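Enquirer:
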Amino acid sequence: MGRAFEFRKGRKMKRWAHMSKVFTRIGKEITMAAKAGGADPAGNSRLRAIIQNARAENMPKENVERALKKATDKDSGDYKEVLFEGYAPHGIAVLVETATDNNNRTVANVRSYFTKYGGSLGTSGSVEFMFDHKCHFKIAQGELDMEELELELIDFGAEELFVEDENIIIYGEFASYGTIQKALEEMNLEIISSEFERIPTMTKELNPEQVEEVEKLLEKLEEDEDVQQVYHTMA
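Residues in the sequence shown are numbered from 1 upward in steps of one, following our numbering.
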């Protein structure tokens, strides 16, 4: 199995601490997708995918409806996606994806976390090149033949397929998201969930004391309400 499998296995060991954080993240994604492409999932493939993710996380229907309503509410602020790059202690590169309606607040908060926990906030492009931007899909395995499915999906940008908990995980380049999604839907395969991820191209081993120092920064970043995802190069 490839690098995406190993990365995913590591990520599964450390999920968001609280379900409310997951719901907040998905709610923002729903609002942004609906603002960008309309509030009708039938005509907005990205919104359709995020609502599938909401179902996979058992997000209450009223939360989804609230997020959709916010997208059409003229009085609600617009969320802006902002990527922060920097270094944690011991040379660990960190990427922080945020969705914020107050960029000044988010910049100040993220900078303060890096400073307080021995890291440094970098400039645009300073560490992003150390990560591959990927998309992935989860579908039910059922009676599907992995080899046949892989041959079908390679032409649409799929790069790696593997089985996880009786589901098939499909990885591809970030830019292939739409074509893979369309191919799966045309094959009448139910998409359980889909996401974007940034996979480090190289990782760095640290001793337990150093890991603890880095974890303090990562945990503080993940607690912030504007932070959607945090990626790093720590093994």
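Every residue, glycine too, gets a C-beta built ideally from N, C-alpha and C.
Predicted, not measured: the structure shown is a model, and the values here were computed from it.
What did DSSP end up calling W16 once you bin it into helix, strand or coil?
Expert: Legend: pLDDT at W16 = 47, less than 50; position of this residue unreliable, no value from coordinates given.
Enquirer: Give the single residue among T123, E29, R48 and P208 whose Cα lies nearest to the Cα of F84.
Expert: Of the listed residues, the one whose Cα sits closest to F84 is T123.
Enquirer: Which residues in the same chain have their Cβ closer than 6 angstroms to the Cβ of R111, if we skip the five residues on either side of it in sequence?
Expert: Contacts found: L121.
Enquirer: Can you tell me the Cβ-Cβ gap for K204 and A235, rounded? I've got them flagged as a contact below 8 angstroms.
Expert: Confirmed, about 6 angstroms.
Enquirer: Kindly say whether M19, judged by its beta-carbon, lies nearer than 8 angstroms to any beta-carbon of chain D.
Expert: Absent from the structure is chain D; it holds one protein chain and no more.
Enquirer: Residues in the same chain with beta-carbon distance under 6 angstroms from W16, minus the five sequence neighbours each way, listed in chain order, please.
Expert: Only weak support exists for where W16 lies, its pLDDT of 47 falling under 50; the coordinates are left without a value.
Enquirer: From the DSSP secondary-structure annotation, give me the bridge partner or partners of E173.
Expert: Paired residues: K134.
Enquirer: Cβ atoms of Q229 and E97: under 8 angstroms apart, would you say?
Expert: Yes, the pair counts as a contact, with Cβ atoms nearer than the cut-off.
Enquirer: If you draw a straight line from the C-alpha of M202 to the C-alpha of V127, how long is it?
Expert: Each residue's Cα considered, the two are about 12 angstroms apart.
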